[in-house]
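Note sheet for the following structure.
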Amino acid sequence: MEDTDSSSEVSVGSSPSNARSSSSSSSRRNSSHSNSSGNSNSNNSSSSSKRTLGMVLTGTLEAAAAALEREPAAAAAAAAAEKVPQYETPGDLSNLTEQQIAMLTNLSQRQTLEVINGLIGGGALDAVLAEAAPEVAARVQQAAAEQAAADGCEADAAADAAAAAAAAAAAAADGAAVNPEYYVDVAKFVPLRLTYEERRFLRLLEAALEVSEYTSRVDILASNRARKIVQEIRSLCAVLTGLLVANDFEAGERLLQQMDFEQQSCFFRAVFEIGRRYKTLNPERMHSTYGKLIYLLMDSSKPEIQQLLNFSLVAPVHTVYSLLASKKNGLALLKDPLVKVATREIMAEGKSRAQVDQEIKEKEAARKTLIAKYAANQNHKNKALFGLRFNLFGRSNSSSNSSSSSSSSEGAAAEDLLSPEDIEISLFSLSDRNCFLRYNRDPCMRMIGYLRKYFRPDSADEEFSLAVCCGRGGARLSHSHSRQYLFVLQSLTLWQEILKDLFLLWSLAEADLLQETNYYRLRDTGQGLNRVQEAPRVARAIRIIVERVQRQTTNWIGSSVIHLGDSNVPNALMFIDKYTQVPRILGPLVLCLDRLPELNAQPSVRLYFENEFGGLDRLRKLILCDFFRHAFNGSGAGVEAAGPRRA
35 MEDTDSSSEV SVGSSPSNAR SSSSSSSRRN SSHSNSSGNS NSNNSSSSSK
85 RTLGMVLTGT LEAAAAALER EPAAAAAAAA AEKVPQYETP GDLSNLTEQQ
135 IAMLTNLSQR QTLEVINGLI GGGALDAVLA EAAPEVAARV QQAAAEQAAA
185 DGCEADAAAD AAAAAAAAAA AAADGAAVNP EYYVDVAKFV PLRLTYEERR
235 FLRLLEAALE VSEYTSRVDI LASNRARKIV QEIRSLCAVL TGLLVANDFE
285 AGERLLQQMD FEQQSCFFRA VFEIGRRYKT LNPERMHSTY GKLIYLLMDS
335 SKPEIQQLLN FSLVAPVHTV YSLLASKKNG LALLKDPLVK VATREIMAEG
385 KSRAQVDQEI KEKEAARKTL IAKYAANQNH KNKALFGLRF NLFGRSNSSS
435 NSSSSSSSSE GAAAEDLLSP EDIEISLFSL SDRNCFLRYN RDPCMRMIGY
485 LRKYFRPDSA DEEFSLAVCC GRGGARLSHS HSRQYLFVLQ SLTLWQEILK
535 DLFLLWSLAE ADLLQETNYY RLRDTGQGLN RVQEAPRVAR AIRIIVERVQ
585 RQTTNWIGSS VIHLGDSNVP NALMFIDKYT QVPRILGPLV LCLDRLPELN
635 AQPSVRLYFE NEFGGLDRLR KLILCDFFRH AFNGSGAGVE AAGPRRA
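Throughout, my numbering is defined as the position within the sequence shown, counted from one, plus 34.
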């Protein structure tokens, strides 16, 4: 009806003959166009007819006739275009192989145009690439072959490593069954090993504490100590900021842009946490600076000081558990039997070189197997400013949260995944614990072994009797040989148990020292002005350890009273300080006793031992007897720093 009406309208504006001729020609062209394009182009023909009729109404008949003549050519071009194969858009490379992508990215401009022309001509992509850029295709194929060979070698090595790790795990399981929850409990108190970036800030902290006179200026009997404390804390923070600027100008510039201690508090918390973590892992370090650090943090945690400072300097210590618990499959990693193999300490004593090499290979294989099993394949790496474990300048205002919500949501999933670096540093930290136990606890175990080997509680000769008498040789105790033997054995066993749980006790000690509601008081304890503070957490833990030692031994000698928060042990810091001195006392002695057989292997030295001391065993007994009588005679009870008072 619409076409008919249009035709009638056309006849009104022209002669009847012209109208009939144009109508007939139009119908013939339309019919031919419809036959050539088929049913699929019927809509196109109808729309073209409408456009042509519109041109007749608004223009001349010649223009309408020219448009009708162009329609068949346009339809033919559209049909030809449909026959050309369609390729994916440039952004979609899912149908391309890695070799094809590598070839395309290495083409020159001329070669790219040749490839495009070949594809338009209907050629296959591989054939077009080989013809247009044969050198590029050859290089890519060679690189692909080399990569395939390397992947095969890596797969074989991974299979061998997995087999070795499985064998080591089976051997470890046969040797001693380990509770799956053992490393989960241990990891809660094992500090993380410092990274390279964190060690830079550790050096800055130690330098700032070395020049600080915090305790000398603060621990005085004054009326207005709070303002003095705040002034000294701000002074130390200013020195630390200046050292950061001197060490890394760009990082210091970013820190100084805030120009406010409150805004910089996150940075100071991170740096002070690094110092605490390092001291826990290395008790023999930071002799003069750790006390300043703890006393500074002790003061800063008090409510009246925080009110003046407007920020806190205390942050939780990063442990293996805190890292892995926040990651996917982190706790499952700690329950894996291979953790024991991957963290064991390899000792060369009494082993051949082949045995040591085999243990090293098993340890490396176990570590690689754990990484391959639990590490996620992720390229996202959300590193905080300065390379520390959290963003130093993160703000909590709403504007920053709204602006960074999208980026934080994108990185949240990646942050929850275990990376190979997370697994490595966790395994290294657990290995550091084994090294810590060897250096601190093992001397006590060795001394207990020497005591039981060379002495008996029920029999002793006059020369090697352990008996002590009050008033002789500085002794303040009177013990027979058997009683002194039990006293030494119980003391060494107590030291061994305390040093075995020293990470736990250290964590509890810092919790007592830095508790906001646990106030201290300055008091003259006979050894100068000291901070006297209760340590309830450490006291409870020590009572449990003492009860455990009492069950292991019989006939407890002396008193089991625990001195903490009094004149003998002013605070938990003094308790930690005493027991970190034990390996420094026993270590050289054990080393001497262990190396004597090596010296005795030399003929000249063996002759000297026999002439002067009566042989190797008698020399050892002389050293041990002298130590057991004078080191445990009660002469240090008046200045004893901590622990059960043995009298």
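All residues carry an ideal CB built from backbone N, CA and C; glycine is no exception.
Values in this document were obtained by computation on a predicted structure and should not be read as measured data.
(Q) So, at 6 Å on beta carbons, what are the nonlocal neighbours of asparagine 667 in its own chain, with the 5 sequence-adjacent residues on each side left out? (A) These residues qualify, in order along the chain: Val502, Ala509, Leu511.
Q) By Cβ distance below 6 Å, which residues in the same chain neighbour glutamate 497 in space, the five residues on each side in sequence not counted? A) Same-chain partners within the cutoff: there are none.
Q: Return the residue from the list Ile619, Ile610, Arg654 that minimises the CA-CA distance to threonine 314.
A: Minimum Cα-Cα distance from threonine 314 among the listed residues Ile619, Ile610, Arg654 corresponds to Ile610.
**Q.** Contact the region 529 to 542 vs the region 469 to 486: 3+ CB pairs below 8 Å
**A.** Contact holds between the region 529 to 542 and the region 469 to 486, because three or more Cβ pairs, one in each stretch, are under 8 Å apart.
Q.
Using the three-state DSSP reduction, which class does valine 739 fall into: helix, strand or coil?
A. The structure shown does not extend to residue 739, since the chain spans only 35 to 681, so no value can be given for it.
(Q) Check this for me: beta carbons of methionine 381 and leucine 548, under 8 Å apart or not? (A) The answer is no: Cβ separation not under 8 Å.
Q.
Excluding the 5 residues flanking glutamate 687 on each side, which residues of the same chain have their C-beta closer than 8 Å to its C-beta?
A. Only positions 35 to 681 of the chain appear in this structure, which leaves residue 687 out of reach.
Q: Tell me whether asparagine 140 sits in a helix, a strand or coil according to DSSP, three-state version.
A: Under the three-state reduction of DSSP, asparagine 140 is assigned to coil, being neither helix nor strand.
**Q.** Same chain only: Cβ atoms within 7 Å of arginine 517, ignoring 5 sequence neighbours per side
**A.** Excluding positions up to five away in sequence, the list reads Ile591.
**Q.** Runs of alpha helix (DSSP H) wholly within the region 352 to 376 (minimum 4 residues, chain order)
**A.** DSSP runs (the alpha helix (DSSP H)) wholly in the region 352 to 376: 354 to 359, 364 to 368.
Q. DSSP beta-bridge partners for histidine 513?
A. Beta-bridge pairing links histidine 513 to Val502.
Q) If you draw a straight line from the C-alpha of isoleucine 405 to the C-alpha of aspartate 660, how long is it? A) One C-alpha to the other measures close to 51 Å.
Q.
Please report the straight-line C-alpha distance between proline 678 and asparagine 645, rounded to a whole angstrom.
A. Per-residue confidence for proline 678 stands at a pLDDT of 40, beneath the threshold of 50, marking its modelled position as unreliable; the derived number appears in the next sentence. Spanning the alpha carbons of proline 678 and asparagine 645 requires a straight line of approximately 43 Å.
Q: Counting only the same chain and skipping the five closest in sequence on each side, list residues whose C-beta sits under 8 Å from that of arginine 303.
A: These residues qualify, in order along the chain: Ser346, Leu347, Val348, Ala349.
Q) Over what stretch of residues does the alpha helix (DSSP H) that includes aspartate 466 continue unbroken? A) Note, aspartate 466: alpha helix (DSSP H), 454 to 474.
(Q) Applying the 10 Å Cβ sphere with the 16-neighbour rule, what's the burial state of glycine 364? (A) Buried, because 16 or more other Cβ atoms sit within 10 Å of the Cβ of glycine 364.
**Q.** Proximity of leucine 368 and valine 218 at Cβ, strictly below 8 Å
**A.** Yes. Within cutoff.
Q. Counting only runs that start and end within the region 520 to 580, where is the alpha helix (DSSP H) found for 4 or more residues in a row?
A. Within the region 520 to 580, the complete alpha helix (DSSP H) runs of at least 4 residues are 536 to 547.
(Q) In whole angstroms, give me the CA-to-CA distance for tyrosine 408 and leucine 452. (A) Taking the CA atoms as reference points, tyrosine 408 sits about 7 Å from leucine 452.
Q: Leaving out five residues on either side along the sequence, give the residues of the same chain with a beta carbon under 7 Å from the beta carbon of phenylalanine 462.
A: Same-chain partners within the cutoff: Arg227.
Q: For lysine 487, count neighbouring C-beta atoms within 10 Å of its own C-beta (all shown protein chains included) and say buried if the count is 16 or more, exposed if not.
A: It counts as exposed.
**Q.** Through-space distance from glycine 286 to alanine 272, alpha-carbon basis
**A.** Distance between the alpha carbons of alanine 272 and glycine 286: 12 Å.
Q) What is the rounded straight-line gap between the Cα of proline 119 and the Cα of glutamate 458? A) Reliability of the predicted coordinates at proline 119 is poor, the pLDDT of 45 falling under 50, and the value obtained from them is presented with this limitation in mind. It is roughly 51 Å from the alpha-carbon of proline 119 to the alpha-carbon of glutamate 458.
Q. Is any heavy atom of the ligand ZN found at a distance shorter than 7 Å from the C-beta of leucine 347?
A. Of the ligands one can find in the structure shown there are none, so the ligand ZN has no counterpart to examine.
Q) Residues in its own chain within less than 6 Å of serine 438 by CB, not counting five upstream and five downstream? A) Bear in mind that the predicted position of serine 438 carries a pLDDT of just 44, short of 50, making it unreliable; the figure below should be weighed with that in mind. Hits under 6 Å: none found.
Q: Give the range of the alpha helix (DSSP H) segment to which proline 317 is assigned.
A: Segment: none, proline 317 is in no alpha helix (DSSP H) and carries neither H nor E.
Q: Could you tell me which of Asp492, Gln134, Glu148 sits nearest to arginine 173, measuring between CA atoms?
A: The option with the nearest alpha carbon to arginine 173 is Gln134.
Q) So, helix, strand or coil for proline 491, using DSSP? A) Three-state result, proline 491: coil.
Q. Which class does arginine 214 belong to by DSSP, given the choice of helix, strand or coil?
A. According to the sequence shown, residue 214 is proline rather than arginine. Coil at proline 214, not helix or strand.
Q | Neighbourhood of serine 499 by C-beta distance below 7 Å, restricted to the same chain and skipping five residues each side | A | Cβ-Cβ distances below 7 Å link serine 499 to His515 in the same chain, with the five nearest sequence neighbours on each side left out; the list follows chain order.
Q | Unbroken alpha helix (DSSP H) run spanning isoleucine 394, endpoints | A | Isoleucine 394 -> alpha helix (DSSP H) spans 387 to 408.
Q | Rounded separation between glycine 276 and alanine 260 - CA only | A | Answer to the nearest angstrom: the Cα atoms are 24 Å apart.
Q.
Check for me: the alpha helix (DSSP H) holding alanine 167 runs from which residue to which?
A. From DSSP, alanine 167 is part of no alpha helix (DSSP H); its letter is neither H nor E.
Q) Between Thr229, Ile263, Val595, Gln181, which lies nearest to lysine 326 when the distance is taken from Cα to Cα? A) Minimum Cα distance to lysine 326 is reached at Ile263.
Q: Indicate whether serine 538 and alanine 575 have their beta-carbon atoms separated by less than 8 Å.
A: Serine is not the amino acid found at residue 538; the sequence shown has leucine there. Contact: yes.
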